[in-house]
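Read in order, the letters of the sequence shown are residues 174 to 532 in my numbering. Heads up, the beta-carbon is just placed ideally off N, CA and C, and yes, glycines get one too. No experiment lies behind these values; they were computed from the predicted model shown. Heads up, the thing below is written out as C-alpha cells.
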Amino acid sequence: MQQSSHHLIHDIRRLINYFLYEYDSMRLVAPSFDPQYSAWLQERSQNLGAYSQLAGLLGPTVALCALICLLRIAFFRYLMPRMQPDIKDRRAATARAVSSLKAHRRVAAPPAQGTGKHPAQGLESIKREAEAEAEAEAKIVAVDSTLRLGEGLWTLAGASVLLLWSWWCVMTRNGGCPAFPSLDTFHCLAAWPLIPIPGPVRGYYCCEAAWYLHLLMKQPLRVGLQDPGLMVAHHIASLILIVLSYCFSLHRPGVLLLALLNASTPWLHLSKTARVTGYRQIAMPAFAAFIAVFFISRVVLFPLIFMPLGLLQPLHQIPRVLELFPLTYMLFNGLLGLLVVMQWVWFDAVLRSVSVMKW
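What follows is the structure in C-alpha cells.
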C-alpha cells in the first residue's frame, strides 16, 4: 500500500515536471498532422525555455505575487496608520462642523412637552447626542478616507512601475512591434511561432500577472478596499489573456496592448489620491490628463493599431490561419472588437461624469 502511494506521488511529480518544463503549450492549437507545424514544434522543443515554457511564467509569478501581498499587508497595516491622523483631522473637522450646525438647529427648538425634563437638561442632552454623532461620523469618514488614500497610493505606485516597464519593453525589446513613427505592426507576428521571449519581457509578463493575481488575492485577505464584482471579472480576464498570449507566442502584441492600456491608469489614481487628500489643484489637472491620455491611447490608437493587427496581419504571417484556426481567428477579432467598443463606452461614461463630479 505504501509502495503504491509512493509510486503515485512519483508519477504526479513527473507529470507536473513535464507540463512545467517540457510541454509546449503551442501543441494545444497547432495541428499535429501538418508537417510545417510539426517542424516548428520540433525546433521549439530544442530550447523550450526561450519560448513559452510554463515554469518560466508560473514560478516567478507566484513568488512575486506572494511578495507583493506581503508588501501590501505591511503597507496597509503598519504604514497607513501613521498617515491616518492627518486625514482624520481634516475629515473630522468637516464632520464636526456639519454636526455642530445640526446641533445648534436642534438646540434652538424647544424641548418636547411631557418629557419630564427641565429645558436646560433637555438642551444639554441634545448637545451630547449631537457631539457623539459627530464623532462617530468623523471616525467612519476618516477610516474610509484612509483606505481610499492607501489604495490610491498603492495602485499609483504599481501602475507607474508597470507603465514604465511596459513602454521600455515596447521601445527596446519588442522586435519592432510597432515600428515608430509609422506604427506599422508587421513585425508583431513576423516569424511566428519561432519568436523567443527576451528576458526583460518575460520578467515584465511575470510582474503583470503577479500584479493582477495579487489584486484577486486582496479580496480574501481583506487588505485595502474591496473591488466590485465587475472589477474582479476584469482582473480575471486580464490574467487569462496574459497567460494565453505567453503560451501561444503572442507576447509582442500582448506587450503593446498592455502598454496602451497602462498609459492612462496612473493619471486616474493620481487624481483620486489628490481628491481624497483635498488637493484640488492637483486632482483636476491629473483628471484632465487622464481624459486626454485615455482618448489618445484607448479610443484612437487602440483600434488604429489592433484592428489591422488582428484582421489583416494573421492572414499574411500565420500559414493557413483561416483553414486551420477559423474559430480562433474569429474569437480573437471578436474580443478585440468588444474591447474597442468597451473603450468608447468607458470614455463616454468618463465625459458624462465630469459634468456631475464634485471636487
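Between leucine 429 and cysteine 380, the gap from beta carbon to beta carbon reaches 8 angstroms or more.
Put simply, the region 498-506 does not touch the region 450-465. Fewer than three CB pairs are less than 8 angstroms apart.
In the three-state reduction of the DSSP assignment, proline 458 falls in the helix class. Collapsing the DSSP output to three states places alanine 410 in a helix. Glutamate 195 and serine 218 have their C-alpha atoms spaced approximately 8 angstroms apart. Restricting attention to Asp357, Met404 and Gln209, the CA atom closest to the CA of methionine 480 is found in Asp357. Rounded to whole angstroms, serine 418 and proline 458 show a C-alpha spacing of 35 angstroms.
For isoleucine 478, the uninterrupted alpha helix (DSSP H) segment begins and ends at 475-484. Relative to valine 374, the option among Ala203, Asn347 and Leu414 whose CA is nearest is Asn347.
A straight-line Cα-Cα distance of about 18 angstroms links glycine 507 and phenylalanine 421. Cα atoms of cysteine 242 and glutamine 399: separation of roughly 14 angstroms, rounded to the nearest angstrom. Glutamine 226 and leucine 193 have their C-alpha atoms roughly 7 angstroms apart. The C-alpha of tryptophan 365 is placed about 43 angstroms away from the C-alpha of phenylalanine 248. Within its own chain, the residues whose Cβ lies closer than 6 angstroms to the Cβ of tryptophan 338, once the five positions on either side in sequence are excluded, are Tyr377, listed in chain order. Only residues of its own chain outside the window of five on either side were considered, and among them Leu356 and Leu433 have a CB closer than 8 angstroms to the CB of leucine 474, listed in chain order. About 5 angstroms separates the CB atoms of histidine 442 and threonine 328; that is less than 8 angstroms, so the two are in contact. Contiguous alpha helix (DSSP H) elements confined to the region 332-400 occur at 372-394, taking only those with 4 or more residues. Comparing alpha carbon positions, the residue from Thr319, Thr438 and Leu414 closest to glycine 331 is Thr438.
In this model, proline 254 and threonine 319 are separated by some 8 angstroms (Cα to Cα).
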